[in-house]
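The structure under discussion appears below in the form of C-alpha cells.
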Amino acid sequence: MPTQLSFKLKPAEAADNDLLRSYIAAHAGVPEAQVNGFYRLKQSIDARSRQQVWVNLTLEAFINEMPNGRNIQKGHFQSVQQAKHRVIIIGAGPAGLFAALRLIELGIQPIILERGKDVRARRRDLAALNKEGVVNPESNYCFGEGGAGTYSDGKLYTRSNKRGDINRILHRFVEFGADEKIIYEAHPHIGTNKLPHIITAMRECIIAMGGQCLFEKKVTQLILEKDTIKGVSTADGDSLMADAVILATGHSARDIFRMLRDQGLLIEAKPFALGVRIEHPQALIDSIQYHCAIRDEYLPPASYGLVEQVQERGVFSFCMCPGGIIAPAATNPEELVVNGWSPSKRNNAFANSGMVAEVSAADALRYLKQQQQKASADDPLLLMQFQEAVERKAFAAGGGKFVAPAQRMADFCDRRTSTTLPDCSYLPGLNSADLSQVLPDFIYKSLQGGFRAFGKKMRGYLTNDAIVVATESRTSSPVRIPRNPDNLQHPQIKGFYPCGEGAGYAGGIVSAAMDGEKVANQLAAVLHP
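Heads up: the sequence shown is residues 449 to 977, going by this note's numbering.
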C-alpha cells in the first residue's frame with residue numbers, strides 16, 4: 449500500500465528526485481532500492497521566513513511495490529449521436545465546454561453555439577488588436593472558443609470547494625493535455641501558450657462523441673412558448689430547437705444581457721470591482737517576496753495577493769500574473785479594457801496584477817449622474833452602463849487604437865502626471881495621463897489608499913518603477929441572471945439554465961467549469977427522471 453510522507457525542504461532539494469528518493473528511504477528505514485517510485489500529491493511554497501524559503505511537499509511513495517501510474521480520473525464518454533435529448537449551450541468557455549462534456553457522459557447531445565471563432569482562427573484577431581488597434585467585436589480576448597481564460601492566462605486557483613469537485617476539473621484538464629503538476633501545485637497554472645491545444649482536444653472529443661460545436665453562431669433571441677424555452681435564433685437567420693438551453697456566455701456578453709431585458713426576462717444589477725492593472729519588474733517582486741537579491745533558480749517567479757479596506761471599501765489584487773503580459777481585452781471599439789496573462793513558464797520580465805475596488809449600485813448611479821448620463825436605480829443594466837462609461841473615458845484618454853492611459857505608481861499616489869513612463873509589456877502602447885481624471889473619483893481614492901497600504905505590507909512595492917495602466921474593468925459580470933436554487937432554472941422560464949461567470953455564479957476557469965457540470969447534472973436529472 450502506498451505511503452504518504454510530508455517534507456519541508458529547500459527549493460533545490462524539492463526539485464531533486466534522486467534526493468527525494470533517499471529521503472523517503474531514510475524516513476521509511478529501508479534501502480533506496482526498495483523505493484520503487486513516488487508521486488507528488490501537494491506542493492506549496494512557504495516564504496514567510498526571511499532566512500530561508502521552504503517548499504512543503506507531500507509525496508505518495510511506493511515501497512516494495514510497483515507504482516501503477518498516477519490515477520487520472522477520466523471521463524466515461526459515450527456516443528450521443530442518436531441521443532433522445534439534446535441541449536443547446538450558448539458559449540464555448542469553461543462553463544459551456546465542461547457542461548457539454550458532462551452531458552455526453554450522461555447520454556445527452558450538446559450543441560454548443562459560440563459567437564466567436566475557434567482558437568486557431570481567433571489568434572489573427574488578437575494580433576490585429578495588439579498590433580493595429582483594431583477590435584473584432586465577435587472575436588477577441590473575451591469572445592471565442594475557450595472563453596476569456598484561453599488567451600488570458602489559464603490560472604486554475606479557486607477557493608470554491610463548495611461549488612463542486614475541484615480535483616475532478618483538474619483531472620479533466622490533464623486528461624485533455626495539461627501537465628500533471630496542476631493536480632498537486634497549490635496555485636495551478638496552465639499558461640496561455642498551452643491552453644489552446646487543450647481546448648481543441650475537448651472540442652474534438654465533443655464532436656467525436658456526436659456533439660456539435662458551431663462557431664460564429666451569435667444568438668440574438670430566445671424562442672419561448674409561454675413559460676418554456678424551445679430554442680434560439682441566431683444572427684445568420686437560423687433557428688435551432690432543443691429540450692433545454694444552457695446560457696454560458698461569460699461576463700462580457702452585453703448584447704445577451706440586453707436581449708434578456710428586452711424579452712422581459714428577470715435580470716439583476718450585480719456589484720463588481722473595477723480599477724487598473726499594475727506592472728512591476730518581476731525581479732523586484734521576487735526580491736520582496738523571497739527576501740533575496742536574486743531569485744533561486746529552483747523557485748518559480750513570485751506572485752502576491754493583497755487586500756485592504758480603504759474607508760470601508762474593499763481594494764484587492766486580482767488575476768496576478770507573474771512573468772506576464774498586459775493585454776488589450778476590449779470587446780467594442782472606443783472602449784478600453786486591459787487584462788493580464790502568463791505563458792506556462794512565466795518567464796517574461798514583468799509581473800502584473802489587477803488592482804480593483806468594489807463598486808455598488810449606488811456608486812454607479814452617482815457617477816453616471818455626475819457624468820450627466822441618464823441612469824436609473826431600477827435599471828438591471830445600471831452597473832454595466834457604469835462599466836461602459838469608464839471604459840470609454842479610458843479609451844479617450846489613451847488617444848485611440850487602444851493605447852492605454854498610464855502613470856507611474858508613486859506619481860499616481862501623488863496625483864502627478866508622469867513625465868516619462870517605464871518599459872511595459874502592453875503592446876498597443878501607453879499615453880502618460882493623470883488617472884485621477886480618468887477613473888471615477890471614488891475608485892481613484894480607494895486605489896490611492898490601497899497602494900499606500902500595500903507599500904507598507906510589501907516594502908519596495910510602492911515605487912515609480914511600477915506602472916499603473918487603466919482600466920481593469922471585466923473582473924466579473926455586472927449582471928446576475930437569477931435561477932432557482934433547487935432546479936437551477938431561470939425562475940420565469942422552464943428549461944433555461946443560466947450558468948457560469950456571465951450569469952453571476954462563478955469567478956474564474958475552475959469555478960465556471962464546476963458550475964457547468966453542476967447545471968449539466970441537474971438538467972440530466974430533469975430529462976432522465
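All C-beta atoms in this analysis are idealised placements derived from N, C-alpha and C, irrespective of residue type, glycine included.
When the distance is taken between beta carbons, is residue j closer than 9 angstroms to residue i?
i: Leu971; j: Tyr953; result: no
i: Gly950; j: Val927; result: yes
i: Ala692; j: Val667; result: no
i: Ala777; j: Arg570; result: no
i: Leu662; j: Thr598; result: no
i: His976; j: Leu554; result: yes
i: Ile630; j: Val622; result: yes
i: Arg863; j: Ala914; result: no
i: Leu561; j: Leu688; result: yes
i: Val501; j: Ala495; result: yes
i: Ile472; j: Ile536; result: no
i: Gly948; j: Asp963; result: yes
i: Phe860; j: Val916; result: yes
i: Leu489; j: Gln452; result: yes
i: Ala543; j: Ala961; result: yes
i: Glu783; j: Phe843; result: yes
i: Ala901; j: Glu745; result: no
i: Asn578; j: Ala775; result: yes
i: Ile891; j: Ala696; result: no
i: Met707; j: Gln660; result: no
i: Leu754; j: Gly898; result: yes
i: Ala968; j: Ile556; result: yes
i: Thr911; j: Glu839; result: no
Identify the residues that DSSP records as bridge partners of residue i: which are they?
i: Ala596; result: Answer by DSSP bridge pairing: none, since Ala596 is not bridged.
i: Asp494; result: Trp502
i: Asn512; result: DSSP output for Asn512 lists no bridge partner at all.
i: Ser454; result: Thr506
i: Glu673; result: Thr676
i: Pro853; result: Asn879
i: Tyr945; result: Ile694
i: Glu562; result: Phe663
i: Ser765; result: Met803
i: Asn1018; result: This structure leaves residue 1018 out entirely; the chain is present only between 449 and 977.
i: Tyr746; result: None, per the DSSP bridge assignment.
i: Val967; result: For Val967, which the question treats as bridged, DSSP gives no partner whatsoever.
i: Gly485; result: Phe510
i: Val758; result: Arg761
i: Gln557; result: Arg534
How would you call residue i, buried or exposed, if buried means at least 16 neighbouring beta carbons within 10 angstroms?
i: Pro459; result: buried
i: Asn800; result: buried
i: His699; result: buried
i: Gly477; result: exposed
i: His619; result: buried
i: Gly541; result: buried
i: Pro479; result: exposed
i: Gln499; result: exposed
i: Gln896; result: buried
i: Pro749; result: buried
i: Met657; result: buried
i: Thr868; result: exposed
i: His728; result: buried
i: Ser454; result: exposed
i: Met441; result: Residue 441 lies beyond the range of the chain shown here (449 to 977); nothing can be said about it.
i: Met803; result: buried
i: Pro781; result: exposed
i: Arg534; result: buried
i: Glu593; result: buried
Verify the CB distance criterion: does residue i have a CB-CB separation below 9 angstroms to chain D?
i: Asn795; result: In summary, chain D is missing from the structure at hand, where a single protein chain is found.
### Query
Counting pairs of beta carbons, one from the region 716 to 727 and one from the region 550 to 568, are three or more of them closer than 8 angstroms?
Touching, no, given that fewer than three Cβ pairs across the two stretches are closer than 8 angstroms.
### Query
Three or more beta-carbon pairs under 8 angstroms between the region 736 to 749 and the region 816 to 833, yes or no?
No, the region 736 to 749 does not touch the region 816 to 833.
### Query
Can you give, in chain order, each stretch of the alpha helix (DSSP H) that sits fully within the region 873 to 933 and has at least 4 residues?
Taking only runs of at least 4 residues, the alpha helix (DSSP H) segments lying wholly in the region 873 to 933 are 889 to 905.
### Task
Decide yes or no for the touch test of the region 753 to 763 against the region 869 to 882: beta carbon pairs closer than 8 angstroms, at least 3 of them.
The region 753 to 763 is not in contact with the region 869 to 882.
### Message
Quick check for students: name the residue ranges of the alpha helix (DSSP H) that lie wholly in the region 517 to 552, counting only runs of 4 or more.
### Response
Counting only runs of at least 4 residues, the region 517 to 552 fully encloses no alpha helix (DSSP H) element at all.
### Message
Runs of 4 residues minimum, wholly inside the region 675 to 734: which ones carry the alpha helix (DSSP H) assignment?
### Response
Fully enclosed alpha helix (DSSP H) runs of 4 or longer: 702 to 710.
### Touch test, the region 770 to 787 against the region 520 to 531, Cβ-Cβ under 8 angstroms, three pairs minimum
The region 770 to 787, when compared against the region 520 to 531, does not touch it at the 8 angstroms Cβ threshold.
### Query
For the region 805 to 825 against the region 724 to 734, are there 3 or more C-beta pairs whose distance is under 8 angstroms?
Under the Cβ criterion (8 angstroms, minimum of three pairs), the region 805 to 825 does not count as touching the region 724 to 734.
#### Entry: Cβ contact check for the region 839 to 852 and the region 580 to 596: 3 or more pairs under 8 angstroms
Contact annotation: the region 839 to 852 touches the region 580 to 596, with at least three C-beta pairs closer than 8 angstroms.
### Segments assigned alpha helix (DSSP H), at least 4 residues, entirely inside the region 773 to 845
As for any alpha helix (DSSP H) of minimum length 4 sitting wholly inside the region 773 to 845, the runs are 809 to 818, ordered along the chain.
### Task
Determine contact between the region 816 to 829 and the region 955 to 965, defined as no fewer than three beta-carbon pairs at a distance below 8 angstroms.
The count of Cβ pairs closer than 8 angstroms, one atom from the region 816 to 829 and one from the region 955 to 965, stays below three, leaving the stretches out of contact.
### Query
Just checking, does the region 634 to 650 make contact with the region 673 to 681 on the three C-beta pairs under 8 angstroms criterion?
Contact between the region 634 to 650 and the region 673 to 681 is not established, with fewer than three Cβ pairs separated by less than 8 angstroms.
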